[in-house]
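What follows is a set of notes on a single structure, which appears directly below.
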Amino acid sequence: MNRLTRRIGDASARRPWVTIAAWLAGLALVLPLAGLAGGSFVDDLVAPGSQSEEAMELLEERFPEASGGGAMAVFAASEGERIERHRPAVEAAVDRIAEAEHVATVTDPFTAGTVSPDGRIGFAQVTFDIPAMDVHPEQIDALADAIEPVRGDGVTAELGGDTVFINAETPTSGAEAAGLLTAVVILVVAFGTIVAALVPIALALVAVAAGLGSIALLAHATDVSTAAPTIGAMIGLGIGIDYALFIVARCRENRAAGQDNRTALSNAMASSGAAVLFAGSTVVVAMTALALTGLGFLTSIGLSTSLIVLFAAATALTLLPALLTLLGDRIHKEGRFRRNRSSGRPEDTAWWRFAHRVAGRPWRHLLAASAVLLVLAAPALRMETGFPDAGDDATTTTHRRAYDLLAEGFGPGFNAPLLIVADLRSPGVAAEGIPELSRRLAAEPGIASVGEPQVSAAGDTVVLPVLPTTAPADVATSDTLERVRDAVPDNVAVSGLTAMTDDLTRQLADTLPLFIGAIILVSFLLLMLVFRSVVIPLKAALMNLLSIGGAYGVVVAVFQWGWLGGLFHLEETLPIASPMPTIFFAVLFGLSMDYEVFLLSRVREEYDATGDTKESVARGMAVTGRVITSAALIMTVVFLSFVANPSPLVKMMGLGLATAIVLDATIVRMVLVPAVMALLGRANWWLPRPLDRRLPRIGTEAADVPVPVSPSVH
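Residues in the sequence shown are numbered consecutively from 1, following this note's numbering.
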């Protein structure tokens, strides 16, 4: 691996302008193509093999008009007024909606009787001639334009319903730019020069731009989740900066040790470059493992994030050596502040002293650090998951405001409709038994009402719309769904968005152990190959689980229990979104490995030179302390910037990732790693001889210094 990354770096350094031109040409091709041919983002909320999926497939085959996407245009008069007073304006809006593309039918609230008992709120039911997943944002915008004139008549008008909710685009807050600015400040403090600080930022932006363009093209070929670009950009910004930072820091360290620019860069690519390649590989493995869940929207998030991570690693291994070659000594000049503070001796750093202090009393530090992480992780034992609905979104969105109006006018269960689908070709209930089935369902606890049966043209399929008494994400709604499924005959299935998301939550819970086990196993094997040890990967896995558990616990305490909720501008407590534990684990396990790899690569270098475990850990921490801390600060700032996003789900993701990075870079790296390695001693590097003989050698330790190559630019 060292030779590979050295060769890649040397090739880029020999022809810097060619490398830069190739990247610019690639961006010039991908970004316009993404704008022209890129697809729309949509969430595929189908659990393969579930009852809800089978019901929807049956409807699409036999009763397509009942399987089409649905939306609601909600109209509300002022307090104390009746919507009837604005009937002409509302009916004009209904006429405009009927003219929109792919609208099959739209009801008039006054003739259909869809007006609340107090007469203040009414809605027009909109049915599309295509499935909800195929409705594009442009069609939703057309409906928004159709209802806009009603607001001029003093009426509140909003768009709601499942189709609007699942096709809503994730909003942004603008705080991401502030996160990047803070990252620049951290880099300037770390390097003492603006030139060295701007290089990692520039590379991260290139990687994210190329990655987002590729994700848009991926969306043209397959369904890609609406959350994929946001999550990918979040991870890409942090990782892109970190990867470039580690290589730049190692190059400057080599230069300070007396190596000329070419040799310093070549050696940095052989050591830190190899660590970047391996760290990026672990993140990609973790993210692509999301496909093991069998859920399309999670698979798309994993593939999309992997694309950006690959671009981040590629820019660090190719574009960065080209830029460093062109910048020459300007990348190595330190400001007066850094020159006055650095002595160049690891023994003079606080990191070295602290590592020896921990190694001197390892049991005390190990138990204290473990206790802190376990206390933070404790709330995770009470985690309650549920799939997010429109009621969890920010009140700035039209579908959330429509959700609130419908709940106010017609009850909370109105936003959680169920579809009871009867296949009359199969044994079970027959056509004449449908009325009795309706009466039985209406008598079930938790059911508010059962609508009129809808029969397909062939008379072989019947749909009963059912409204529960509770909201979509309410635990009671899941209980009601189970009771209904137990009560219906074998040829009857329950679907609708609420049933589909409940099936998704159950499948996520069922596949999570397999998913976690697969990631840990693959990461164990990769670390064993790199560090020639079975102890190091086992230690890394256990420590990663502790830091991830701590992040889970903090998220539960803030979002589910409401602790410090005001600090994060949360309007109410929320269950943890059921996809979040899975996404968290994939992202956090991959990111945690980054710092583990960079630290242990240096520890292994020192150990190979001295054979002293305690001293090698102390020196490894000393030479990487400032860089890893800066990288962790940058990653934390980038993730925390997403906490300002209006979407509670994005807030949840940002806080969880930031918490895990802080825990990993402080308690794990500064305390647990030196304590455990001090206790284990030479056993850290134990590898059974049969394995040692058979395993290929792909370590990240520094290779011998080669004869410098002659670049074309000095």
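C-beta atoms are modelled at their ideal positions from N, C-alpha and C, and glycine is treated no differently.
Note to self: Closer than 8 angstroms is the cut-off here; do at least three beta carbon pairs connect the region 208-221 with the region 232-248?
What the structure shows: These segments touch.
Item checked: In DSSP terms, what PRO468 is bridged to -> For the purposes of this step, residue 468 is taken as residue 468 along the sequence shown, with counting starting at 1. In DSSP, PRO468 forms a bridge with ILE447.
Item checked: Residues bridged to LEU418 [DSSP beta-bridge criterion] -> The sequence position of residue 418 within the sequence shown is 418, counting from 1. LEU418 is bridged to VAL466.
Margin query: If you reduce the DSSP assignment to three classes, tell me which class SER495 lands in.
Written below: The residue you call residue 495 lines up with position 495 of the sequence shown. Residue state, collapsed to three classes: strand.
Item checked: Cutoff 8 angstroms; reference PRO696; Cβ partners in own chain excluding five residues on either side -> Here the question's residue 696 lines up with position 696 in the sequence shown. Once the five neighbours on either side are set aside, the close Cβ partners of PRO696 are LEU529.
Check: Near ASP393, which residues of its chain fall below 6 angstroms by C-beta distance, leaving aside the five closest residues on each side in sequence?
Finding: Your numbering for residue 393 matches position 393 in the sequence shown. Excluding its 5 nearest sequence neighbours in each direction, ASP393 has C-beta neighbours in its own chain below 6 angstroms: ARG400, listed in chain order.
Note to self: Less than 6 angstroms between C-beta atoms, sequence neighbours within five positions excluded: which residues of the same chain meet that for VAL42?
What the structure shows: By one-based count along the sequence shown, residue 42 stands at place 42. Within the same chain, MET133, ASP223 come within 6 angstroms of VAL42 by CB-CB distance, once the 5 residues on both sides are set aside.
Next item on the list: Just mark GLY562 as buried or exposed, buried being the case when its beta carbon has 16 or more other beta carbons within 10 Å.
Entry: Here the question's residue 562 lines up with position 562 in the sequence shown. With fewer than 16 other Cβ atoms within 10 Å, it is exposed.
Notebook entry, point to check: For GLU724, which three-state DSSP category applies?
Noted result: A question about residue 724 goes unanswered here, because the residues of the chain that appear run from 1 up to 714.
Checklist line | First through last residue of the alpha helix (DSSP H) which encompasses ALA586 | finding: Mapped onto the sequence shown, residue 586 falls at position 586. Start and end: 579-610.
Notebook entry, point to check: Exposed or buried, ASP10, counting other C-beta atoms within 10 Å across all chains shown (16 or more means buried)?
Noted result: The residue you call residue 10 lines up with position 10 of the sequence shown. ASP10 comes out buried.
Check: Where do the ends of the alpha helix (DSSP H) carrying THR376 lie?
Finding: Stepping through the sequence shown from its first residue, residue 376 is reached at position 376. Correcting the residue type first, residue 376 is Leu in the shown sequence and not Thr. That run of the alpha helix (DSSP H) goes 362-377.
Next item on the list: Identify the continuous beta strand (DSSP E) that holds THR156 and give its terminal residues.
Entry: The residue you call residue 156 lines up with position 156 of the sequence shown. Here the beta strand (DSSP E) through THR156 covers 156-160.
Next item on the list: Please state whether DSSP places ALA124 in a helix, a strand or coil.
Entry: Taking the sequence shown and counting its residues from 1, the one referred to as residue 124 is at position 124. DSSP places ALA124 in the strand class (E or B) of the three-state scheme.
Notebook entry, point to check: Can you tell me whether ASP95 is buried or exposed, with buried defined as 16 or more other CB within 10 angstroms of its CB?
Noted result: Position 95 of the sequence shown, counted from the start, is the residue given in the question as residue 95. Under this definition ASP95 is an exposed residue.
Next item on the list: Leaving aside the five residues before and after TRP85 along the sequence, list all residues of the same chain whose C-beta is less than 8 angstroms from its C-beta, in chain order.
Entry: Position 85 of the sequence shown, counted from the first residue, corresponds to residue 85. The identity of residue 85 in the sequence shown is Arg, whereas the question assumes Trp. In the same chain as ARG85, and ignoring 5 residues on each side of it, the C-beta atoms closer than 8 angstroms to its own belong to ALA77, in chain order.
Item checked: Local conformation of ARG697 per DSSP, three classes -> In the sequence shown, residue 697 corresponds to position 697, counting from 1. Three-state result, ARG697: coil.
Next item on the list: Quick one: residues in its chain with C-beta nearer than 7 angstroms to the C-beta of ARG694, no 5 flanking neighbours on either side, listed in chain order?
Entry: Counted from its first residue, the sequence shown places residue 694 at position 694. Same-chain partners within the cutoff: there are none.
Item checked: 9 angstroms Cβ cutoff met for VAL199 and LEU324 -> Start at 1 with the first residue of the sequence shown, and residue 199 comes out as number 199. Start at 1 with the first residue of the sequence shown, and residue 324 comes out as number 324. Yes, Cβ-Cβ distance for VAL199 and LEU324 is below 9 angstroms.
Checklist line | Sub-9 angstroms separation of ALA244 and GLY280 beta-carbons | finding: Here the question's residue 244 lines up with position 244 in the sequence shown. Here the question's residue 280 lines up with position 280 in the sequence shown. No, the Cβ-Cβ distance between ALA244 and GLY280 is not below 9 angstroms.
Check: Roughly how many whole angstroms lie between the Cα atoms of THR107 and LEU159?
Finding: Indexing the sequence shown from 1 puts residue 107 at position 107. Indexing the sequence shown from 1 puts residue 159 at position 159. Computed Cα separation, rounded: 14 angstroms.
Notebook entry, point to check: To the nearest angstrom, how far is it from the Cα of LEU526 to the Cα of LEU424?
Noted result: Taking the sequence shown and counting its residues from 1, the one referred to as residue 526 is at position 526. Taking the sequence shown and counting its residues from 1, the one referred to as residue 424 is at position 424. About 54 angstroms.
Notebook entry, point to check: Can you round the beta-carbon distance between ASP153 and ALA89 to whole angstroms, since I take them to be within the 8 angstroms contact cut?
Noted result: Here the question's residue 153 lines up with position 153 in the sequence shown. Here the question's residue 89 lines up with position 89 in the sequence shown. Contact between ASP153 and ALA89 holds: CB atoms are separated by about 4 angstroms, below the 8 angstroms threshold.
Margin query: Do VAL637 and GLY294 have their beta-carbon atoms positioned less than 9 angstroms apart in this structure?
Written below: For the purposes of this step, residue 294 is taken as residue 294 along the sequence shown, with counting starting at 1. For the purposes of this step, residue 637 is taken as residue 637 along the sequence shown, with counting starting at 1. The answer is no: Cβ separation not under 9 angstroms.
Margin query: I'd like to confirm the pairing. Which residues does DSSP put opposite PHE515 in its beta bridges?
Written below: Along the sequence shown, read from residue 1 onward, the residue named residue 515 stands at position 515. Assignment of beta-bridge partners to PHE515 by DSSP yields no partner.
Item checked: Among ARG15, VAL623, LEU218, the one whose alpha carbon lies nearest that of ASP348 -> As a working note, residue 348 is residue 348 in the sequence shown. Comparing Cα positions, the closest option is VAL623.
Next item on the list: Find out if the Cβ-Cβ distance for the pair GLY620, GLU596 is shorter than 9 angstroms.
Entry: The residue you call residue 620 lines up with position 620 of the sequence shown. The residue you call residue 596 lines up with position 596 of the sequence shown. For GLY620 and GLU596, no; Cβs fall outside 9 angstroms.
Check: Residues in its own chain within less than 6 angstroms of THR477 by CB, not counting five upstream and five downstream?
Finding: Start at 1 with the first residue of the sequence shown, and residue 477 comes out as number 477. Excluding sequence neighbours, THR477 sits near ALA416, PRO468, THR470.
Notebook entry, point to check: Mind pulling the alpha helix (DSSP H) runs of 4 or more residues that sit fully within the region 625-666?
Noted result: Given a length threshold of 4 residues, each whole run of the alpha helix (DSSP H) inside the region 625-666 is given here in chain order: 648-663.
Note to self: Taking only three categories from DSSP, how would you classify VAL115?
What the structure shows: Residue 115 sits at position 115 when you count from the first residue of the sequence shown. In this structure, VAL115 counts as strand in the three-state DSSP scheme.
Checklist line | LEU299 versus GLY549 - alpha carbon distance | finding: Position 299 of the sequence shown, counted from the start, is the residue given in the question as residue 299. Position 549 of the sequence shown, counted from the start, is the residue given in the question as residue 549. With the sequence shown as reference, residue 299 is identified as Thr, and Leu is not the correct amino acid for it. Rounded to whole angstroms, the gap between the alpha carbons of THR299 and GLY549 is 23 angstroms.
Checklist line | Test item: CB-CB of GLU123 and THR461 under 9 angstroms | finding: Mapped onto the sequence shown, residue 123 falls at position 123. Mapped onto the sequence shown, residue 461 falls at position 461. In the sequence on display, residue 123 carries Phe and not Glu. It is not a contact, given that the beta carbons lie outside the stated cut-off.
Checklist line | Cβ shell of ARG336 (< 6 angstroms), same chain only, five flanking positions each side left out | finding: The sequence position of residue 336 within the sequence shown is 336, counting from 1. Residue confidence for ARG336 is low, a pLDDT of 49 falling below 50, so the modelled location carries little weight; the figure read from the coordinates is stated next. If we look at ARG336 and ignore the five residues flanking it on each side, it has no Cβ neighbours.
Next item on the list: Assign SER630 to one of two classes, buried (16 or more other C-beta atoms within 10 Å of its C-beta) or exposed (fewer than that).
Entry: As a position in the sequence shown, residue 630 is number 630, starting the count at 1. SER630 comes out buried.
Check: ALA458 to VAL30, Cα distance in whole Å?
Finding: On the sequence shown, residue 458 is found 458 positions in, with the first residue counted as 1. On the sequence shown, residue 30 is found 30 positions in, with the first residue counted as 1. Each residue's alpha carbon lies about 48 angstroms from the other.
Notebook entry, point to check: Given a threshold of 16 other Cβ atoms within 10 Å of its Cβ, counted over all protein chains shown, does HIS569 qualify as buried or as exposed?
Noted result: Your numbering for residue 569 matches position 569 in the sequence shown. Residue environment analysis places HIS569 among the exposed positions, since fewer than 16 neighbouring C-beta atoms fall within 10 angstroms of its C-beta.
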